[in-house]
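As they're listed, the protein sequences go chains A and B. FYI, my numbering numbers position 179 of the first sequence as 451, with every residue one higher than the one before it. FYI, my numbering numbers position 75 of the second sequence as 79, with every residue one higher than the one before it. Note that CB positions come from ideal geometry on N, CA and C, so glycine has one too. Predicted, not measured: the structure shown is a model, and the values here were computed from it.
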Amino acid sequence: MTTDAVPDFEFSMMQLADSFFPTGMFSMSSGLEAILYETGRPDAAPLRDRMPQLLETYVTNQLGPVDAVLLSHAHDRAAQNDLGGIVEVDQLAHAMRTVKEARQASARSGSQLLRAVAALQPPAAILTDYIDAVRRGDATGSFPVALGVASQTIGIPKEPACVMFLYSAAVSIVGSALRLGLLDHLEGQRLIHHLATTVRETGRRSAGTPLAGLWQFDPEIQLFQIHHERLRSKMFLT
Amino acid sequence: MNQRRIPRVGIGGPVGSGKTMLIERIVPLLSEMGYRVAIISNDVVSKEDADRMRKNLATERGLVPADLVIGVATGGCPHTAVREDPSMNLSVVEELETKHPDLDLILIESGGDNITTTFSPALADYFIYIVDVSGGDKYPRKRGLGIENCDLLVVNKIDLAPYVGADLSVMERDARIVRGAKPTLFVNARTSEGVSAVVQQIVKNVLFDAKPKLAA
């Protein structure tokens with residue numbers, strides 16, 4: 273039995289990637305709810321068949337080349353104790369979310385993530401500084417940036433942090449598909465299982481992408497994310 | 005300690021039990037006393053309850069500024085949103101505390117069944133659970149986290165009791181057995197019968213009889 277007070281990074285990854293970790297991710301569908309309402313009614317079968325491709329697009333064309341890259345740069349800045357650099361990445365992350373409800377949800381879940389990680393152990397100075405910047409309104413607490421800073425300060429290396437983020441985000445989307453009645457529990461797990469290589473490779477690529485290399489191409493998903501904001505009746509925040 | 009912390013009351017109860025209407029009756033009474041209140045509504049689907057309260061309390065009566073009635077979507081998991089992972093609610097509460105430090109009270113509404121609903125103590129300082137008589141007078145006797153743990157149990161729609169064969173004295177007796185000294189109040193939110201007693205509980209046990217901030 274180990275008596276180490278600080279868990280190793282693999283344990284911390286499991287803790288932060290767990291849907292039980294309180295970041296509000298369970299309340300987001302990343303636009304999937306709008307996709308279901310607008311293309312999956314009355315017959316959801318074609319959309320169900322598209323889920324593997326759709327999930328892959330989320331990871332490779334949105335979450336990877338934008339969010340995970342932002343995460344990796346926030347991680348770098350945190351390692352350098354560069355609060356100004358973190359705030360710059362934070363503002364970029366906020367600006368790149370063009371849908372208001374997504375921007376707001378990301379800032380809310382990110383700021384709560386920071387608080388939750390700060391409660392785990394005496395927080396590193398850069399984590400406290402970033403939390404203060406969010407509190408003052410100098411930064412937004414955008415989720416990927418918050419996760420990058422939080423991961424670095426509790427010892428999770430950059431590339432595993434990117435992989436962890438992509439895994440959690442994909443699980444959150446699959447979880448929303450289950451609650452929307454689009455998939456059953458085994459179909460959901462199979463989808464996640466088959467995403468392993470994509471998540472790992474996208475995470476590796478994201479961790480090595482310069483900030484100038486941010487890109488995103490998923491017009492269908494983005495349009496539905498915009499539509500979600502205008503849905504009259506909805507279960508999810510995004 | 006957060007000096008800006010505004011007292012928070014969580015109001016939970018099954019769908020259709022009268023949570024929204026209870027709030028619509030409570031807020032005008034608190035407003036008459038000079039207290040400024042914000043409302044956060046956790047909806048299972050849509051923001052209909054928030055929209056309704058915004059219309060009834062803000063737009064038509066001007067009792068609450070429209071931007072202080074806030075709907076929070078819960079991904080179909082209202083229990084999670086107020087218990088295991090209250091992140092989104094806490095964020096909204098903190099935004100209110102920052103932008104509206106002169107608020108006296110925040111009401112947080114959430115649907116949730118009797119068996120499992122509770123509010124995280126990190127989210128709500130005081131927990132009101134509301135049931136209605138149409139589920140039968142067995143409700144308190146059947147216990148459940150909501151009924152057992154809440155600070156105040158409210159039994160609503162008492163006017164329907166004769167029509168559904170519910171004996172209010174049985175409910176009162178069983179609530180006392182299950183809840184000990186914690187109070188249970190009987191109301192008809194539609195007519196406001198009994199609602200002032202709920203307000204008295206909030207003023208005494210949540211606001212500790214403090215004067216409204218803007219009057220102090």
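- In this structure, B:Tyr-130 lies near B:Val-13, with their beta-carbon atoms less than 7 Å apart.
- If you draw a straight line from the Cα of B:Pro-90 to the Cα of A:Ala-396, it comes to about 24 Å.
- Note that the C-beta distance between B:Glu-101 and B:Arg-8 is below 7 Å.
- Within chain A, the residues placing a beta-carbon under 7 Å from that of B:Gly-80 are Arg-451 and Met-507, ordered along the chain.
- If you look at B:Ile-110, you'll find it in the beta strand (DSSP E) that goes 109-115.
- For A:Gly-296, the nearest beta carbon of chain B is closer than 7 Å to its own beta carbon.
- The beta-carbon of B:Thr-84 is placed less than 7 Å from the nearest beta-carbon of chain A.
- Below the 8 Å Cβ cutoff, chain B contributes Gly-79 as neighbours of A:Met-300, in chain order.
- Under the three-state reduction of DSSP output, A:Arg-369 falls in the coil class, being neither helix nor strand.
- Cβ atoms of B:Leu-94 and B:Val-203 stay farther apart than 8 Å, at about 26 Å.
- Contact of A:Gln-352 with chain B is not assigned, every C-beta pair being separated by 7 Å or more.
- Against chain A, the CB of B:Asp-106 has no partner CB under 7 Å away; the residue lies outside that interface.
- The three-state secondary structure of A:Ser-301, taken from DSSP, is coil.
- The criterion of a C-beta distance shorter than 7 Å is satisfied by A:Leu-454 and A:Ala-316.
- Boundaries of the beta strand (DSSP E) around B:Ala-42: 41-47.
- Burial is judged here by how many other beta carbons sit within 10 angstroms of a residue's own beta carbon; B:Lys-161 has at least 16 and is buried.
- The residue among A:Ala-422, A:Ser-505 and A:Phe-508 with its C-alpha nearest the C-alpha of A:Leu-343 is A:Ala-422.
- When DSSP states are grouped into helix, strand and coil, A:Tyr-402 belongs to the helix group.
- Where A:Asp-348 is concerned, the enclosing alpha helix (DSSP H) starts and stops at 341-351.
- Under the three-state reduction of DSSP output, B:Glu-197 falls in the strand class.
- Judged by beta-carbon spacing, A:Val-417 lies within the 7 Å limit of A:Val-361, meaning their Cβ atoms are closer than that value.
- Listed as beta-bridge partners of B:Val-73 by DSSP are B:Ile-43.
- Contacts between B:Val-48 and chain A, judged by CB atoms closer than 8 Å, involve Met-507 in chain order.
- Taking A:Glu-373 as reference, the option from A:Ala-449, A:Gly-296, A:His-366 and A:Glu-501 with the minimal CA-CA separation is A:Glu-501.
- Using beta-carbon distances, A:Gln-384 counts as an interface residue toward chain B, with a partner under 7 Å.
- Distances from the alpha-carbon of B:Gly-198 to those of B:Val-159, B:Asp-213 and B:Arg-180 put B:Val-159 closest.
- Each of A:Ala-468, A:Val-443, A:Thr-469 and A:Thr-470 was checked against the Cα of A:His-457, and the nearest Cα belongs to A:Val-443.
- The three-state reading of DSSP puts B:Val-68 in coil, since its state is none of H, G, I, E or B.
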